[in-house]
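Colleague:
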Amino acid sequence: MIEGLLVALRWLSALGFCHLIGYALLRLLCPRPGHYAGTEILALSFGVGSLAVTWWMLALSAWGIPFRLEAVHLPLAGLAAALLLATRVRGHPFLGTRITHAFSPPWTPVEKLCLAGLLLVLLFAFLRAVLFPMWAWDSIATWGFKAKIFYLRQSMDLQGLTAHPYYPNHVPLLLTFFYLTLGGVQDHLAQGLFPWWGALTLGWLYALLRRRGLTRGQALGVTLFFATSGVTFLTHLYIAYADLPLTFYAVGAAGLLYLTLQDAAPPGSLPLIALMCAGLAWTKFEGAPLAATFILAAALTLLWLRPPTLGPRLVALAWPVGGILLGTLPWRWFMAQQHIEVGADHILSFFPHQFFQAIPSLLKILALPFAFGVLWWATLAAALLLGRRLWRSPLLFPALTLAGNLLAILLGYALAPTSAEEFPLYVRATLDRLLLHIAPLAALLVGEGVKEMGERPGT
């Protein structure tokens with residue numbers, strides 16, 4: 015009983031440590047964090063904090079310092095304390111002054127039902143994660159396996175690892191950090207990290223919908239609709255895959271970019287967009303191209319709409335470009351130092367017939383309800399409802415992002431060096447995960463459609 019309680023406290027301390035480091039950095043980056051809602055600060059602090067922790071562990075490995083509790087925790091804790099003290103001395107309160115509405119209406123039964131539904135989903139996912147050992151293939155063979163190697167060897171020692179040693183290591187290093195804090199390899203407890211990633215992703219989506227003018231009930235309803243649409247998101251809540259963290263950073267990067275285009279982003283958003291793009295590049299091999307599609311869609315949106323401040327807005331896109339470099343270059347430098355070869359399996363080949371072979375599978379998963387429910391049908395309905403507004407406003411950005419990524423998925427399959435027999439299995443094993451990365455943006459477009467319906471007279 016006491017031992018179990020101590021383990022739970024260690025798990026919570028690891029989670030809280032990431033939030034503390036991230037919040038201290040937010041105080042440095044954002045002079046007015048009070049302009050961010052509580053759900054946004056929770057998401058940002060963990061997203062930024064986990065990056066800081068894993069980059070510090072990467073630096074320790076580069077310097078030859080073993081992964082020990084004091085080597086990982088103490089310098090970061092000292093940095094957080096110094097930053098929080100400096101911002102306090104500078105006159106900024108720790109939590110800032112929240113922007114609150116003059117009148118907050120009481121919760122309706124429907125809103126309470128939606129919130130209860132979200133909490134039940136997350137409770138199920140957490141219990142499913144912590145009561146079972148790692149079981150999914152990539153959890154065991156890739157991310158979890160590397161985390162165990164890092165923990166046991168006390169460094170990012172990739173010697174003898176032949177399964178994609180060049181993959182980014184945000185998730186394995188974060189799992190290693192949890193192992194260090196827990197005092198051993200406890201997979202079932204470390205898996206509890208992923209329902210939290212999912213909760214923060216849903217919090218991101220809800221906050222974006224609220225900033226776009228949806229009522230509390232509408233935003234909760236759309237968020238619950240996304241969370242329960244099909245099995246893909248639900249499954250990734252309790253398996254140790256890197257795709258859910260990648261989805262989290264995708265929501266942060268694309269969502270803040272969208273708010274920037276709408277002139278609705280909170281102050282200090284550009285550095286945070288850069289960090290979200292860095293998180294994409296540091297989390298998975300597909301992250302940097304995904305961030306590049308966001309930047310391209312934003313640039314095309316600006317060029318199409320031609321706002322009065324077109325030049326400065328285009329120049330501001332250097333922030334997310336810099337974020338991609340920030341998430342990529344330290345790892346590439348470490349690989350060069352360790353003589354790790356960069357994989358070229360998706361670069362030096364092109365098979366046009368695979369592009370066309372993947373189209374039926376893509377259309378099938380979009381149309382059938384198993385993987386994503388009716389999310390994509392609802393997105394299409396929202397796009398039709400919005401009509402000309404898609405082409406005459408920054409709504410063009412999420413539309414271009416979704417369409418561009420669907421095309422990028424097909425092009426990615428055309429680059430995959432698989433045999434004719436293996437290709438259908440490869441598509442089946444990866445397509446739902448690739449769509450998961452952009453699925454919250456589809457839900458955001460659905461939210462815009464819900465808002466449009468609510469604003470129409472008589473609706």
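Numbering-wise, this note's numbering comes out as the position in the sequence shown, counting from 1, plus 14. The beta carbon of each residue, even a glycine, is placed where N, CA and C say it ideally should be.
Where does glutamine 482 fall in DSSP's three states?
Modeller: This structure does not reach residue 482, given that the chain is present from 15 up to 473, and the question cannot be answered.
Colleague: Taking all protein chains shown into account, do 16 or more other C-beta atoms lie within 10 angstroms of the C-beta of threonine 323, making it buried, or fewer, making it exposed?
Modeller: On the sequence shown, residue 323 is found 309 positions in, with the first residue counted as 1. Its Cβ having fewer than 16 others within 10 Å, threonine 323 is exposed.
Colleague: Leaving out the 5 sequence neighbours to the left and right, which residues in its chain are closer than 7 Å to tryptophan 318 when beta-carbon positions are compared?
Modeller: By one-based count along the sequence shown, residue 318 stands at place 304. The residues are Leu410.
Colleague: In terms of residue numbering, what span does the alpha helix (DSSP H) encompassing glycine 325 cover?
Modeller: Along the sequence shown, read from residue 1 onward, the residue named residue 325 stands at position 311. First-last of the alpha helix (DSSP H) with glycine 325: 324 to 330.
Colleague: Just the C-alpha distance for alanine 96 and phenylalanine 60, rounded to the nearest angstrom, thanks.
Modeller: Within the sequence shown, the letter at position 82 stands for residue 96. Within the sequence shown, the letter at position 46 stands for residue 60. Looking at the two C-alpha atoms, the distance is approximately 19 Å.
Colleague: When the Cα of leucine 398 is compared with those of Val460, Thr432, Asn183, which residue comes out closest?
Modeller: Against the sequence shown, residue 398 aligns to sequence position 384. Taking only the C-alpha atoms, the option nearest leucine 398 is Val460.
Colleague: Between which residues of its own chain and glutamine 276 is the CB-CB distance below 6 Å, once the five residues before and five after are set aside?
Modeller: The sequence position of residue 276 within the sequence shown is 262, counting from 1. Only Pro408 meet the Cβ criterion.
Colleague: Counting only runs of 4+ residues fully inside the segment 210 to 282, write out the alpha helix (DSSP H) ranges in chain order.
Modeller: 230 to 241, 246 to 250, 257 to 275
Colleague: Candidates Pro280, Phe81, Phe308, Ala292: which alpha carbon is nearest alanine 51's?
Modeller: Numbered from 1 along the sequence shown, position 37 holds the residue referred to as residue 51. Residue Pro280 is the option with its Cα nearest to alanine 51.
Colleague: Is it right to say alanine 350 is buried, meaning 16 or more other beta carbons lie within 10 angstroms of its own, or is it exposed?
Modeller: Taking the first residue of the sequence shown as position 1, residue 350 is located at position 336. The residue is exposed, with fewer than 16 neighbouring Cβ atoms inside 10 Å.
Colleague: Is it the case that the Cβ atoms of glutamate 54 and alanine 278 are separated by a distance below 8 Å?
Modeller: Sequence index remark: in the sequence shown, residue 54 carries index 40 (1-based). Sequence index remark: in the sequence shown, residue 278 carries index 264 (1-based). Cβ atoms of glutamate 54 and alanine 278: not closer than 8 Å.
Colleague: Using a Cβ distance threshold of 8 Å, determine whether the segment 174 to 190 contacts the segment 234 to 241, with at least three qualifying pairs required.
Modeller: No contact exists between the segment 174 to 190 and the segment 234 to 241.
Colleague: Go ahead and label leucine 65 buried or exposed: buried means 16 or more other beta carbons lie within 10 angstroms of its beta carbon, across all protein chains shown.
Modeller: Position 51 of the sequence shown holds residue 65. It is buried - the Cβ of leucine 65 has at least 16 other Cβ atoms within 10 Å.
Colleague: Between which two residues does the alpha helix (DSSP H) carrying aspartate 446 extend?
Modeller: The residue labelled residue 446 in the question sits at position 432 within the sequence shown. Note, aspartate 446: alpha helix (DSSP H), 437 to 450.
Colleague: Locate the alpha helix (DSSP H) running through glutamate 466, then write down its first and last residues.
Modeller: One-based indexing of the sequence shown puts residue 466 at position 452. Start and end: 453 to 469.
Colleague: Between lysine 465 and tyrosine 165, what straight-line distance do the alpha-carbon atoms span, to the nearest angstrom?
Modeller: Taking the first residue of the sequence shown as 1, we reach residue 465 at position 451. Taking the first residue of the sequence shown as 1, we reach residue 165 at position 151. Looking at the two C-alpha atoms, the distance is approximately 48 Å.
Colleague: Assuming leucine 244 contacts phenylalanine 384 (C-beta within less than 8 Å), just tell me the rounded distance between them.
Modeller: Reading the sequence shown from its first residue, position 230 is the one you call residue 244. Reading the sequence shown from its first residue, position 370 is the one you call residue 384. Strictly speaking, residue 244 in this sequence is glycine, with leucine absent from that position. Contact flag correct, Cβ pair sits at about 6 Å.
Colleague: My guess is that arginine 167 and threonine 101 are in contact by the Cβ rule of under 8 Å, so how many angstroms apart are they, rounded?
Modeller: Counting from 1 along the sequence shown, the entry for residue 167 is found at position 153. Counting from 1 along the sequence shown, the entry for residue 101 is found at position 87. Not a contact, Cβ separation roughly 37 Å.
Colleague: If you scan the segment 136 to 197 from start to end, which runs of the alpha helix (DSSP H) of 4 or more residues do you find wholly inside it?
Modeller: The qualifying runs are 158 to 167, 184 to 196.
Colleague: Under 8 Å between the Cβ atoms of glycine 63 and cysteine 32?
Modeller: Looking up residue 63 in the sequence shown gives position 49. Looking up residue 32 in the sequence shown gives position 18. Result yes, Cβ atoms of glycine 63 and cysteine 32 sit closer than 8 Å.
Colleague: Under the rule that 16 or more other beta-carbon atoms within 10 Å means buried, what is proline 326, buried or exposed?
Modeller: The residue labelled residue 326 in the question sits at position 312 within the sequence shown. When all chains shown are included, proline 326 counts as exposed.
Colleague: Sort Asp201, Gly212, Gly131, Ala161 by Cα distance to glycine 266 and report the nearest one.
Modeller: The residue you call residue 266 lines up with position 252 of the sequence shown. Looking at the Cα atoms, Gly212 is the closest of the given residues.
Colleague: Please state whether DSSP places arginine 24 in a helix, a strand or coil.
Modeller: Along the sequence shown, read from residue 1 onward, the residue named residue 24 stands at position 10. In the structure shown, arginine 24 falls within a helical segment according to DSSP collapsed to helix, strand and coil.
Colleague: Using alpha carbons as the reference points, say which of Val335, Thr307, Phe365, Ile379 lies closest to aspartate 421.
Modeller: Numbered from 1 along the sequence shown, position 407 holds the residue referred to as residue 421. First, the amino acid is wrong: residue 421 is leucine here, not aspartate. The shortest Cα separation from leucine 421 among Val335, Thr307, Phe365, Ile379 belongs to Thr307.
Colleague: Can you grab the Cα-Cα spacing for the pair asparagine 419 / alanine 332, in whole Å?
Modeller: By 1-based counting over the sequence shown, the position of residue 419 is 405. By 1-based counting over the sequence shown, the position of residue 332 is 318. Spanning the alpha carbons of asparagine 419 and alanine 332 requires a straight line of approximately 21 Å.
Colleague: Can you tell me whether histidine 87 is helix, strand or coil according to DSSP?
Modeller: Counting from 1 along the sequence shown, the entry for residue 87 is found at position 73. In this structure, histidine 87 counts as helix in the three-state DSSP scheme.
Colleague: Applying the criterion that 16 or more other CB atoms from any shown protein chain within 10 Å of the CB defines a buried residue, is proline 259 buried or exposed?
Modeller: By one-based count along the sequence shown, residue 259 stands at place 245. Buried, by the Cβ-count rule.
Colleague: Take the Cβ of glycine 293 as the centre, count every other Cβ of all protein chains shown within 10 Å, and call the residue buried at 16 or more, exposed below.
Modeller: As a working note, residue 293 is residue 279 in the sequence shown. When all chains shown are included, glycine 293 counts as buried.
Colleague: In this structure, how does DSSP classify histidine 33 when only helix, strand and coil are distinguished?
Modeller: By 1-based counting over the sequence shown, the position of residue 33 is 19. Three-state result, histidine 33: helix.
Colleague: For tryptophan 345, which three-state DSSP category applies?
Modeller: As a position in the sequence shown, residue 345 is number 331, starting the count at 1. Correct three-state label for tryptophan 345: helix.
Colleague: Tell me which residue opens and which closes the alpha helix (DSSP H) that serine 64 is part of.
Modeller: Counting from one through the sequence shown, the residue named residue 64 turns up at place 50. Segment 52 to 77, the alpha helix (DSSP H) holding serine 64.
Colleague: Which class does valine 124 belong to by DSSP, given the choice of helix, strand or coil?
Modeller: As a working mapping, residue 124 is identified with position 110 in the sequence shown. DSSP, read as helix, strand or coil, puts valine 124 in helix.
Colleague: Pull up the distance between the alpha-carbon of leucine 310 and that of isoleucine 16, whole angstroms please.
Modeller: Counted from its first residue, the sequence shown places residue 310 at position 296. Counted from its first residue, the sequence shown places residue 16 at position 2. For leucine 310 and isoleucine 16, the distance between alpha carbons rounds to 53 Å.
Colleague: Secondary structure at threonine 307, three-state DSSP: helix, strand or coil?
Modeller: Mapped onto the sequence shown, residue 307 falls at position 293. Correct three-state label for threonine 307: helix.
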